[in-house]
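Student: The structure under discussion is supplied below as structure tokens; questions concerning it will follow.
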Amino acid sequence: MATASALEVRDIYAAYDSADVLEGVSLKVPAGKITCLLGSNGAGKSTIIRAILGLTPPRAGDILIDGQSLVGLPTHKIISAGIACIPEGRKVFPKMTVVDNLRLGGYQENTEAVLKDRMDQVFEIFPRLKERRNQLAGTMSGGEQAMVSIGRGLMAAPKVLLIDEPSLGLSPLFVKENFNIIKRINDQGITVFLVEQNVHQTLAIAHYGYVMSQGRVVAEGTAQELSENKEVHEAYFG
Amino acid sequence: MTQSLKDKLVIILLAAVIAAFSITFIAIEEQVEIFALLVFAAALVLGGAKLGITASIAQSLARNERLMNFAFIAATIAVVFWFREDHFPLLMIATVLLYVIACCGLNIQFGFTGVVNFAGAAFFGVGCYTAAVLGDTSVPLLLVILLGGIIAAIVGSVLIIPVLRTRGHYAAVVTIAFGLLFRTFLEVNDTLGGPQGLGVSGMNLFGWDFNNNIEISENLEISFYMNYVVLALIMVVLTFVLMRRIERSWIGLNFDAVRLDETAAACFGINIKRWKIVAFTLGNFLAGTAGALYAMMLGFIAPSNFAFSDSLILVSIVLLGGMGSLWGTILAAGLVVLLPEKLQVIQEYRFLIYAVVMILILLFRPQGILPRGLRAYIPGWRG
Amino acid sequence: DAKDKVKVAFIGPLTGGVSAIGVGGRNSAELAVQLRNADPDAKYEYELVAMDSECKPNVGVQVATKVAADRSIIGLVGHYCSAVAMGAVDIYHKFNLPMSVWGAVLPDVTYGNDYKEIHRVNGTMINQNDVAAKFMAEQGYKTWVIIHDTTDYGKGHNKYFSEYLTQNGGEILADFGVPADQQDFTAELTKAKQLNPDVIYFGGLVPLGVRVRSQMEKLGISAQFQGVSGIKSDAFIEGVGTELSEGVVSFLEGAPVDKLPGGQYFTEKYKAAGFAEDEEAYGPFAFAAMSLILDGIEEVGPNRKKLTKYLGDIQGHDSIVGKISFDDHGQNTVAAITKYVVQDGKWVVWEDSEYATGARKLAGK
Amino acid sequence: MAQQQETVLTFRGLTRRFGGVIALNKFDMELTNGQILGLIGPNGSGKTTSFNVLTGIYEANGGSIEFLGQDITSWPAQKVYEAGVARTFQRSRLCLELSIFDNIMIGNHKRLNQGLLFNIFQRKALKEQIQENHEEARKLLKIFDPALAEKMFDPVGSLRMIDRRRIEICRALISHPRLLLLDEPSAGMTHEETRELMDDILEVREMIDGLSIILVEHEMGMIERVTDKCIVLNFGQKICEGAYRDVASDKLVQEAYLGGE
Amino acid sequence: MDVGLLGQFVVNGMMLGMMYALVAVGFTLFFGVLDVIKFSHGDVLMVGTFAGFSTYLGMTAIGIDNAFIQLIGVLVISIGSMAILGAVIARYLVLPLKSAPPLNTLLVTLMLGTVLREAIRLFYPDGSNPKHFPALLPTDSWSLGSFTLRSDSVILLVGGLLVIVGVNMLINRTRLGLAIRAVAQDEETAKCMGINFKMIVLLTFALGSGVAAFAGVMNGLYYNEINFGMGLLLGVIGFSAAIVGGLGNIYGAILGGFLFAGLQTLGAVALPFASAYKDVFAFAVVIAIIAWRPTGLIAEKTSERV
Ligand SMILES: Nc1ncnc2c1ncn2[C@@H]1O[C@H](COP(=O)(O)OP(=O)(O)OP(=O)(O)O)[C@@H](O)[C@H]1O
Ligand SMILES: Nc1ncnc2c1ncn2[C@@H]1O[C@H](COP(=O)(O)OP(=O)(O)OP(=O)(O)O)[C@@H](O)[C@H]1O
Ligand SMILES: [Mg+2]
Ligand SMILES: [Mg+2]
């Protein structure tokens, strides 16, 4: 690959209680590109994201950002290295207003003016959020919470953005819109690592992709290659 | 050796070890010995857990519940018999048993149903006062025990509305306030003896005075506390059966559903209010019955027995044992009642040490000593 | 030749709010045992078993049972908290354990039963309040406001003091019952201030007494502060400070220790024994009670029944708190009440004080 | 369709507000026996809210709900369930500490004997009831996933998300409801898994006589395949009704929800 | 009742209320950050007061007798040491129990309260007796009929008010406050936002304990008496006040604190039964209030969804 990897996962093993959920996974997320990760339910996709974030620290293996190892660092240090995340299941702060949620997305940024700028951008993408800026996030509909979550990820203006199933529970219109947004984010120079079930649309915007099954990477290639890969096609294209 | 035979041996051995341990623990007085024994027990349990022995014992127990129950009852009887002539150990054993009953009540309330109750001592106290007031009347004393429970339940119904409407910490304050109120009221109001307390006449069953030693022969005189121990043991067994049956029935399931997710429970027809009322009332009833017998055994009660700190002791037994765990409750009651007593030798330092020990236990076993397992409706049956 | 070992016991509150007094009592009883063991003429070697009642009746009954059921324990010095004593006396009777109370002042402890095992070296709150009411009336005070805690101790004092005060022509403008752990008395005291009494009578123990006295000052109440035996402790003076304690009066059963032949001896020995805590107001009683029991065992041997009998016959027995004579309820009848007043940061026997001579005056005089 | 067009559920002018937000705005709807109705619409258009109002979790601010000829508008949740309405939740609400069997039995509340005396004293009868219900739950679960049926006494917390969704559906179905409300059952599943789930649900419908289903979904493939009729909500208002094909080609729907190609 | 007297009751009640409110604020903070109840709070307050008292003794011993400097010293040492103690408690007792049932934290901190209390009683010189806390504030007083106002009371009231306002601003206006509230709701997600979870928890506990120490010193300055048991009841009342007011925000704690003080004053002086019943009255009212408003007077906004 021509571009340097912004994020690299090397041969990691991770477990929750006893059995390994990840068994020697290696991935490269090239800078400035969209890299996607496909795979069935329970394959371990979210676990990779948790491992990168230090929430489920890997038992073995290494994770590098810009060549620097992240393993063993506490989560907030990993975030300071320039990673942000739009977690699986939205995870908004339910007792906080939309504005506070967004403000927290930019927690590591101190300048009020910058934050205001970013928030305006988010409101531009999601007018609904502007309308509901003072609603408690917990009372919003499933899809609205997804908007908060995505907006919150954008507020960090990260180098690398990890996105875990963003279109879960979004309307078809919005799913499309969502992929456009991801594309736009990427166009701004942010490296994106995208976990998705929605194979068609994902491969349409991704540059490179991995396919996981039962804790291992079973296929990889450019988006093109993957869409043409027969096995992948059979397994995941409904 | 077959598996089932092995299981049986394990259970009998375990019961014997427990009996021996209890006897030693109750009998010894020397500070050093007590600590040595505690450290030894802790090491045994920790070591056993490390080596997986505990787990395999647990399996043996789970497979033979009936035998286990009988073995443990037998162990208790052995301990009691051992101390047949010694008043004080019997008093302590009876106290533990009665605390177990009261804590079973709390277990129904917040172990099962999630209705917190920080006024356990107050309901226990209602039972005590019932016994004190009725003890001199012609009401049969076995009935007094029952009435102690019933009146505790009735007094508790004063709190039903706030208890039903609140959750979590808010519910905690309702009961805390009630507990403080109860004690202050007894102290200020002189009709029930005021701060000086009341004497309680002893238990009397069909003309058999519980407060007399039982002379078996010239040189064997069984302590009168044996009467109370036996009655308390019967009550514990009954309570235990009741608790088990509740837990292993749809009622137990309803309780759990109410505790874990009220909204979902309501969406599947579970009447939250009904089950909360049942749990709260039944719990207070149990605490009240225990209180009634306790008062008769002690012969004297005063408001300062039913302070907030006493309620907290009951709560700590439940938590230490593991919420909703019956065997855990018994173990924890033993520990919480006996440990401060055993620490008498270090006198004014004993509460310091006791509190430190409790903190350590909880740090090492945050879920309690014997956390409650999954519900097994029918022992040994898995479909 | 080794002496036979004999066990004696002490029960008192060693933890919790009134532990200072309990530990002081325990130390004093311990001292009595130590001194006896050091005495080459003693027939036995004594061992003290001390127990904590936490000042809670249920715990008290437990430890009482433990002590009483242990046949190797021959005699007991027990109880500062009256409610605990009330619960425990039945047990001592049942097990025939001779005992003497060292601090509880509720009359019923001795008078509420006919148990021959129960004795008390200290006086009851009846004697104390009788003297207190007379004395204060003599000083010319007319009106009182009473603040007492709602434990048996405070309520008992309130009851007897009110009774005697009315007999002596005093008037009670108001009485306030407060829980023993109350911190703030400004509401009660503001009301008291409005009533403008000559005297504020306080029935309770040191911690509460300190608070009431301190807060009187805050609200500018200049009435005389009168306490009960529960505040006759250096801790009270330390707690309120020298200035505010000046002129506070209190009443305590028994002759002042340092006035008695053995008193000086006790104070010296207590200091010499190196206890970390003070003996507190009732330490001398614990010492006297323990000494009495040891005397008895020396005399009649380690036998509960005989010791009970011995104690029953005690008349005019010398002790550091004066002569001890038990009436038919085991109550020490020679319960002289001593009046104390704080002068320059010290409790001084009234008669020896500059207040008695008129050099200083109580508040409002 | 086997059954005749008996009306099961009717909304008339159903309205629900949250502060300034009008989550349901004069919503009219009708559902007939055995029908599968697809309820679709943009995020925040009031789909979940309509479930919540119907099941008695929220009160309606206006309008009425009629179920099997009864006006159930302000009935509490328990009563609505007794009447035969069971549901799943958009965010899974299982009791994670309890076993699969326990969770399913919570859904079976109305068919179990809840008497205090029965439960405590008639142990034999209770035992039989437990075993019968266990058998039934196993059968039902087997339809969705045979592997799960073997793990009836495992805690739900140890299961995968997809299995939890299946259990949630079983919990709703076990009591033989007349109306099943499914709130985004396929969220987070792959196409394949979604299809399997749908087959399972259709299979169950055949088993339970006259079962009607309201399905909230954003997965149009599924809606297309299984629904008899669709209703599209937007801002709490019904903007379109009809067979999926017709609805999907509606301009308004395209604009607000599907996003034209 | 004459106006002066009424004024007196109001001022007294306000002092009391202020102290309750300060304790309650601590409970609200701990609850806010970890959803835990730290029952040792009252005892931390007590230890803080003793730390302040020792500082005073120490300063006197080395010859510093300017009351103002003493006061500053007392406050700094007391608040500082309790902040550290609070953080230590959080680190070693609260955080390790994060995943246990919340009641277990309650039990552990309760036991810790016993440890602190007993430790002071046993190991502080003559710790079982009350101590005379010095009056370090000017004690001039103004009288108007039966109304007496002392300058130290006024200073304490203002001081307490400032602390509460300060804490409130910190929580609602600053980045730290934002982080505290986030941590309270979802630990993992808060971490993903780049928040140093552990640090925030420790800071919050330090803050709450520092406020408790302040309340303790205030208590000492006002009553001029401290003892090892002073934290017990103050803790229970502070907790009740926080709950009755509503745990959602600091105003609830303030409201609850003043309400409680008001009830007690009312019960002691204005009601037609013996004053001994005042606590019975106060707690009965508390139960009634909670029955009426199950999530406190200032109810938390519900954010739960189905
Ligand atoms: N907290 C947990 N504790 C124990 N096991 C877990 C936990 N979270 C996930 N697992 C298990 O780890 C495996 C991988 O889970 P993971 O969430 O990474 O899958 P996924 O590929 O993200 O699936 P999905 O598409 O459902 O999000 C699954 O088998 C799951 O059951
Ligand atoms: N408890 C509540 N408090 C305040 N607003 C609420 C509450 N519940 C729902 N709402 C609002 O009502 C509207 C409808 O919400 P609802 O959950 O019904 O949407 P939905 O159609 O299910 O959307 P989705 O497809 O995203 O789940 C939303 O705007 C939501 O913010
Ligand atoms: Mg995932
Ligand atoms: Mg929805």
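Chains as they are written, first to last, in this note's numbering: chain A, 336 to 573; chain B, 43 to 425; chain C, 11 to 375; chain D, 140 to 400; chain E, 10 to 315.
Quick reminder that beta carbons are idealized off the backbone N, C-alpha and C, glycines included.
Run the proximity test for G477(A): is its beta-carbon closer than 6 Å to any non-hydrogen atom belonging to ligand 4?
Tutor: yes
Student: Between the Cα of G35(C) and those of Y56(C), A60(C), E55(C) and D51(C), spot the shortest distance and give me the residue it belongs to.
Tutor: A60(C)
Student: What do you get for R182(E), buried or exposed, if any count of 16 or more other CB atoms within 10 angstroms of its CB means buried?
Tutor: R182(E) sits exposed, since fewer than 16 C-beta atoms from the chains shown fall within 10 Å of its C-beta.
Student: Going by beta carbon distance, what residues of the same chain come within less than 6 Å of A188(E), once the five residues before and after it are set aside?
Tutor: I204 and I209
Student: Using a C-beta cutoff of 7 Å, does A97(B) count as contacting chain C?
Tutor: no
Student: Within this structure, are the beta carbons of V158(B) and F152(B) separated by less than 7 Å?
Tutor: yes
Student: Can the beta-carbon of Q234(C) be found less than 7 Å from the beta-carbon of L107(C)?
Tutor: no
Student: Under 7 Å, Cβ to Cβ, is there at least one residue of chain C near H141(E)?
Tutor: yes
Student: Would you kindly work out how many angstroms separate the C-alpha atoms of Y336(B) and V71(C), rounded to a whole number?
Tutor: 12 Å
Student: Starting from the beta carbon of L503(A), find every residue of chain D whose beta carbon is closer than 7 Å, and list them in chain order.
Tutor: A326 and G327, listed in chain order.
Student: Quick check on DSSP: helix, strand or coil for H141(E)?
Tutor: When secondary structure is reduced to three states using DSSP, H141(E) falls in the strand class.
Student: According to DSSP, what are the bridge partners of Y267(B)?
Tutor: According to DSSP, Y267(B) bridges with nothing at all.
Student: With C-beta atoms as the reference, is L464(A) less than 7 Å away from V433(A)?
Tutor: yes
Student: Under the rule that 16 or more other beta-carbon atoms within 10 Å means buried, what is H535(A), buried or exposed?
Tutor: exposed
Student: Output the boundary residues of the alpha helix (DSSP H) element that contains N236(E).
Tutor: Per DSSP, N236(E) belongs to no alpha helix (DSSP H) and is neither H nor E.
Student: For a contact defined as C-beta to C-beta under 9 Å, what are the partners of L212(E) on chain B?
Tutor: Ordered by position in chain B, no residue passes the 9 Å Cβ test against L212(E), which lies about 22 Å from the chain.
Student: What are the boundary residues of the beta strand (DSSP E) that includes M226(D)?
Tutor: For the record, residue 226(D) in the displayed sequence is Arg; it is not Met. For R226(D), the uninterrupted beta strand (DSSP E) segment begins and ends at V224 to R226.
Student: For my contact list, A164(B) and S249(E) are in at a C-beta cut-off of 8 Å; report their separation, rounded to the angstrom.
Tutor: Their Cβ separation, rounded to whole angstroms, is 16 Å, which puts A164(B) and S249(E) out of contact at 8 Å.
Student: I need the DSSP call for I384(A), collapsed to helix, strand or coil.
Tutor: Here I384(A) sits in helix by DSSP.
Student: Starting from the Cα of E278(C), find the closest Cα among K53(C), G26(C) and I330(C) and give me that residue.
Tutor: I330(C)
Student: Any Cβ of chain D within less than 7 Å of the Cβ of G311(B)?
Tutor: yes
Student: List, in order along the chain, the chain A residues whose C-beta lies closer than 7 Å to that of G203(E)?
Tutor: H411, I414, S415, Y442 and Q443
Student: Could you name the residues of chain C that N347(B) contacts, counting a contact when the two beta carbons are closer than 7 Å?
Tutor: K66, P67 and N68
Student: Only counting the same chain, and skipping five residues up and downstream in sequence, which positions put a Cβ closer than 8 Å to that of A378(A)?
Tutor: M547, S548, Q549 and G550
Student: Whose Cβ in chain E lies nearer than 8 Å to the Cβ of H211(B)?
Tutor: By Cβ distance, chain E contributes F40, I46, I252 and L256.
Student: Consult DSSP for V238(C) and reduce its assignment to one of helix, strand or coil.
Tutor: coil
Student: Which same chain residues, not among the five before or five after Y197(D), have their C-beta less than 8 Å away from its C-beta?
Tutor: R155, T188 and N191
Student: Does at least one heavy atom of ligand 1 sit under 6 Å from the Cβ of M300(D)?
Tutor: yes
Student: So S64(B) contacts chain D; which residues on that side make the cut at Cβ distance below 8 Å?
Tutor: Result: empty, since nearest Cβ-Cβ is about 30 Å, beyond 8 Å.
Student: How would you list, in chain order, the residues of chain B whose beta-carbon sits under 7 Å from the beta-carbon of L265(D)?
Tutor: Within chain B, the residues near L265(D) are S291.
Student: Measure the beta-carbon distance from G85(C) to G322(C) and round it to whole angstroms, keeping in mind my assumption that it falls under 8 Å.
Tutor: G85(C) to G322(C), Cβ: 13 Å. No contact.
Student: From A16(E) to A76(E), what does the alpha carbon distance come to, in whole angstroms?
Tutor: Note on identity: in this sequence residue 16(E) is Gly, with Ala being the wrong assignment. Taking the straight line from one Cα to the other gives about 29 Å.
Student: Thinking just about the alpha-carbon of each residue, which of V111(C), V222(C), V359(C) and Q138(C) is nearest to the one in V209(C)?
Tutor: Nearest of V111(C), V222(C), V359(C) and Q138(C) to V209(C), Cα basis: V222(C).
Student: For S110(C) and G332(C), what's the separation of their Cα atoms in angstroms?
Tutor: 16 Å
Student: Span of the alpha helix (DSSP H) holding L464(A)?
Tutor: P462 to E466
Student: Using the C-alpha atoms, what's the distance from R303(D) back to D401(A)?
Tutor: Looking at the backbone, the Cα of D401(A) and that of R303(D) are separated by about 39 Å.
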